[in-house]
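What the sequence shown shows, in this note's numbering, is residues 2 to 120, in sequence order. Cβ coordinates follow ideal geometry from the N, Cα and C atoms, glycine included. Quick caveat, the model's predicted, so the values are computed rather than measured. Working notes for the structure below.
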Amino acid sequence: MAKILVVDDAKFMRMTLSNILKKANHQVVGEAENGQEAIERYRDLNPDLVTMDITMPVMSGLDAVKGIKQEFPTAKVIMCSAMGQQKMVVEAIEAGAKDFIVKPFDEGRVIEAINRTLS
């Protein structure tokens with residue numbers, strides 16, 4: 002069972018993702034609504050993995066990945082993107098994200114990405 006931090010500015014998306022993760026026997030240890038909060042929560046919770054939305058207010062997921070990786074080089078982050086954000090996904094991977102999942106979430110694909118990133 003992995004400890005996972007779910008980051009998305011939309012509560013519905015955080016709930017959807019949390020439900021998928023719990024069903025797969027993972028523990029959602031925290032949630033954040035923006036990149037700044039994500040970095041703070043990461044420091045507090047030290048999760049095994051983070052699911053990170055790309056487009057958020059205050060600080061983008063892209064900047065949050067850079068911030069987290071700078072402080073915690075071994076952090077595992079999976080980006081969550083809407084269709085048409087490929088350029089940002091590539092930037093996120095270059096910044097250190099391990100994988101990405103596309104919205105709307107496909108349960109199988111989410112679990113696959115999580116398991117691949119954790120192994």
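- Under the criterion of beta carbons closer than 8 angstroms, Val51 and Ala83 do not qualify as touching, at roughly 18 angstroms.
- In the assembly as shown, Val7 is a buried residue. Its beta-carbon has 16 or more other beta-carbons within 10 Å.
- Distance from the CA atom of Val111 to the CA atom of Glu32, rounded to whole angstroms, is 17 angstroms.
- In this structure, Cys81 is the residue among Asn26, Cys81, Arg117 with its C-alpha nearest to the C-alpha of Gly62.
- By the C-beta density criterion, Asp100 is buried, having at least 16 other C-beta atoms within 10 angstroms.
- Residue environment analysis places Gly36 among the buried positions, since at least 16 neighbouring C-beta atoms fall within 10 angstroms of its C-beta.
- By the neighbour-count criterion, in which a residue is buried when 16 or more other Cβ atoms sit within 10 angstroms of its Cβ, Pro48 is buried.
- Non-local C-beta neighbours of Thr17 in its own chain, meaning closer than 7 angstroms and more than five positions away in sequence, comprise Phe106, ordered along the chain.
- Rounded to whole angstroms, Ile94 and His27 show a C-alpha spacing of 23 angstroms.
- Residue environment: Glu38 is assigned as buried (16 or more neighbouring CB atoms within 10 Å of its CB, all protein chains considered).
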